[in-house]
Amino acid sequence: MFFSFGMFDGKPVLQGNIERYCAACGYSGTHYIYTRKRWLLLLVIPLPINVSTYTQCPRCGFIEEYKN
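Residues 3 to 70, numbered by our numbering, are exactly what the sequence shown covers, in order.
Next up, the structure:
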């Protein structure tokens with residue numbers, strides 16, 4: 003019998019823009035906001051287990067997890 007288990011991250015999906023302050027370079031303005039799903043592969047069925055949201059600074063590229 004063949005069993006397959008594993009976790010993998012999906013591609014980041016751009017959700018829009020948000021006004022944020024960058025902790026790395028000090029830029030205060032519009033940042034990109036992305037979401038990414040984490041999947042659990044159980045046998046041959048992919049199941050979404052969580053979604054992470056993060057922001058990226060357009061000036062320096064710093065990525066920070068976004069929490070409401």
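We put the CB at the ideal spot given by N, CA and C, even for glycine.
{"Asked": "For arginine 40 and valine 46, the rounded distance between their alpha carbons", "Found": "16 Å"}
{"Asked": "Of the residues Pro14, Val15, Tyr29, the one placed nearest glutamate 21, counting alpha carbons only", "Found": "Tyr29"}
{"Asked": "Chain-order list of residues whose beta-carbon lies under 8 Å from that of histidine 33 (same chain, five-residue window excluded)", "Found": "Asn19, Ile20, Glu21, Arg22, Cys24, Thr57, Gln58, Cys59, Pro60"}
{"Asked": "First and last residue of the uninterrupted beta strand (DSSP E) at glycine 18", "Found": "15-23"}
{"Asked": "Cβ neighbours of asparagine 52 in the same chain (closer than 6 Å, five flanking residues each side left out)", "Found": "Arg40"}
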